[in-house]
Structure formats: structure tokens, C-alpha cells
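Asker: One structure, pasted below without further comment.
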Amino acid sequence: MAFPKVVHITEVGPRDGLQNEQQPVPTEVKLELCRQLLAAGVANLEATSFVSPKWVPQMADAAQVLAQLPRRAGLTISVLTPNMKGFEGALASGVDEVVIFGAASEAFSMRNTNCSVAESIERFRPVAQAALTNGIRLRAAISVALGCPYQGEVSIESVVDLVRRMRDLGCHEIGIADTIGVGTAGRVKAVFEAAAHEFPIAQISGHFHDTYGQAVANVLACLEVGVNRFDSSIAGLGGCPYAKGATGNVATEDVVYLLHGLGIDTGLDLDRLVEAGQWISAQLGRKNASRAGSALATRRAAQADAAGA
Ligand code: HMG
Ligand code: MG
């Protein structure tokens, strides 16, 4: 199958990327990161979460972040909303998209949202209805679709079952997530192909964590079955507080390097992404986890040295 000509990236760095940081990240740093991402052409920005601050303290400043976030035509700002309380915060903050997040395993559902899979769907139902009534785009995320830190293996049928339930809630997009980064390309293809029997492939997105170094390969596997929407995180930041040991998301710079190399349009400026990745890594005092980002930054520094010599 031919690759898609255009791929839509949702930048999740400010949300998935930062939610697991142990030290509070100042609101101003979050905002500056968002500004740099927008300057790099990001059109879909997952900015924060309206979740319980007792569960994820790092996202407690969601309303403040959104109040100061620059908006522009064509920009979709999304936030996580696990329940109506979260939705009300999101609505008051004028977001374009809300994300309901369920899990393909009972154990993860319980750890992440303190309820069973069936209960989570009942909590999402009013959120979905309110989103649709208010003209807000509705996206779902399905966690642990390739493996669960508590349960181990996850069947394809349990992913497909959740795809059906999310579809029936009226979702515009359903993201299938490898929360702990254990998936390999063959299994990934099988999961996405099975999901595509229940929901249009053009509305399914891939969300990969890179714990086992498989994330870019898994993006390629998805492209091969017609997926053209991905989440990624600047500098490979990220992790879920309820999936210990899972490392960051696939890095936006690495995905964009792959896609541009394949001649696929993303609308993103890789040089500016690299700058943003270097900047936030320095702010957090850590090495940039994007391989392409680090390599391009090193090359640029060498070129600047040579020019100055
Ligand atoms: P609960 O404790 O069962 O909730 O948590 P509750 O309804 O009993 O409420 C308890 C307290 O939380 C109350 O406050 C509520 O007001 C408050 P109190 O009366 O004790 O002062 N509360 C809220 N506050 C702010 N915003 C809200 C909210 N809801 C309740 N929305 C709950 C249930 C779902 C709230 C909790 O488990 C939670 O917030 N979980 C979120 C966990 C999370 O954010 N995980 C990371 C995101 S998912 C992820 O990273 C995976 C993803 O990237 C894909 C992948 O990689 O897999 C998307
Ligand atoms: Mg994630």
C-alpha cells in the first residue's frame, strides 16, 4: 500500500511529556514550550489535562496554561477529560477537542482512573454527549493496547471491543496507545488492522512510547496499513505516572525526520522542533531523548563552529 501524502501529528509534549515530571514545571515554562511548538507549525496541541490534581499534580495549572495559550485559526487545542468535572474545566477554557481515555485492560483502568472499563465508559458517556452538543471534537485514547504493566498480554479482541464502545460514544478519532512501549511491528499492524474493521482507518491514530526502542518502527508499521495520524512528544518526553518504568513517547523530531524522509508532508518545521526539543530538555535538566533532535543539534553546532573558525 502507498504511504499517505500527509500525516497529522498531535504534539502531546506539554501533556503526556510533562505529566510525569516529579518536580513542578512552572506554568511559564509550559507556556514557552507551547509557544515554541506553535512557532514550529504544530496545528494539533495536546496542551494539558483536567484530571484530579491529587492524581497528577503536574497538570494542576491546566486552566492557567489555557488562559494564556496563544490561539489561532486552524489550531486544535486538546485536553484530557476523564469525567464531567474535567469536561466543565475544559469547556470553560475554550478548548477545541477533549480526550476521553480508557484502557484495554481492567487492571490499568483501575490504576489510572480508579474504575472498571465498563464504569469508565459510563463516565465518558455524558462527557461525549456534552462535547458533541457543544461542537467540541471528541477523541478517545485506548491505553495498554499492546501490553499492560499489571496484566501482561492484552488480547486484540479487548482493544477492538473498546474501539466499538468509543465509536458508539460518537468519537471523531480513536487513538490506540502502546503505553509501555512493548509492541513490535507485526503485532501493531494486526491490532490496527483489526480496529479498522470497526472504525475508519483515517480516524484512527497511533500513540507510541519508546521504552523498547520500537516506536519509530511501529509508526512505520502503521503507515503501511494506512494510518495517517500520530501523537508524538517533543524531545521524547513523557510517561504515565500509572505505568512505572515506561519511558517517553516517540519523539516528534524522530517521527518528522522519518516522515519527511519518506516525502510525507507534516506541515512542521523540523529545525524549529529541534530548537524546542533542545530548549525544554535544558529546562528540565536532562539529555534530549530524541535521536534525530540530538543529532541535528550536534550537526548544527559543528557547522556554527566551522563557520566561526
Ligand atoms: P477518583 O478519586 O475516583 O475521583 O479519581 P472522585 O470522583 O472520587 O473525586 C475525588 C477528588 O478528585 C474530588 O476532590 C474531586 O473533586 C476531584 P475532593 O473532593 O477530594 O477535594 N476530581 C477532580 N479534580 C479535577 N479535575 C477532575 C476531577 N475529577 C475528580 N477531572 C479520576 C478518578 C478519574 C478523577 C482520577 O483517577 C484521575 O484524575 N485520573 C487521571 C490519571 C491520569 O491523568 N493519567 C495520565 C493520563 S492517561 C495517559 O497518560 C495515557 C495516554 O497517554 C495514552 C497512553 O499512552 O496509554 C492518554
Ligand atoms: Mg501516553
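First residue of the sequence shown: 2, per my numbering; consecutive thereafter.
Backbone N, C-alpha and C define an ideal beta-carbon position, used for all residues, glycine too.
How would you call G18, buried or exposed, if buried means at least 16 neighbouring beta carbons within 10 angstroms?
Answerer: buried
Asker: Give me the Cα-Cα distance between N115 and A222, rounded to the nearest whole angstrom.
Answerer: 33 Å
Asker: D97 and I137: beta carbons closer than 8 Å?
Answerer: yes
Asker: From L76 to N113, what distance separates their C-alpha atoms?
Answerer: 29 Å
Asker: To which residues of the same chain is A293 closer than 6 Å at the C-beta, ignoring the five residues directly before and after it?
Answerer: E254, D255, Y258
Asker: When the Cα atoms are used, what is the spatial distance from R16 to A310?
Answerer: 41 Å
Asker: Closest by CA to N289, which one among V155, D266, L238, R72?
Answerer: L238
Asker: Out of curiosity, what's the CA-to-CA distance linking M111 and L139?
Answerer: 23 Å
Asker: What did DSSP end up calling N250 once you bin it into helix, strand or coil?
Answerer: strand
Asker: Taking the alpha carbon of V275 as the reference point, which residue from S234, R73, V128, I265 has its own alpha carbon closest?
Answerer: S234
Asker: Check whether the region 117–137 touches the region 216–230, taking contact to mean three or more Cβ pairs, one atom from each stretch, closer than 8 Å.
Answerer: no
Asker: Check G264 in the structure and name its three-state DSSP category.
Answerer: coil
Asker: With DSSP as the reference, label E98 as helix, strand or coil.
Answerer: strand
Asker: I need the boundaries of the alpha helix (DSSP H) containing S295, first residue and last residue.
Answerer: 292–309
Asker: How would you write the range of the beta strand (DSSP E) that A40 sits in, first residue to last?
Answerer: Note, A40: premise wrong, no beta strand (DSSP E); alpha helix (DSSP H) at 28–40.
Asker: Anyone know if the C-beta pair for A41 and A277 falls short of 8 Å?
Answerer: yes
Asker: Check each candidate in A119, E154, N84, L285 and name the one with the smallest Cα separation from T185.
Answerer: Closest by alpha carbon: E154.
Asker: Output yes or no for whether 8 Å exceeds the beta carbon distance between F200 and V228.
Answerer: no
Asker: Who are I143's beta bridge partners in DSSP?
Answerer: G103, I177
Asker: Hey, is A222's beta-carbon within less than 8 Å of any beta-carbon in chain D?
Answerer: Protein chains in the displayed structure number just one, and chain D is not present.
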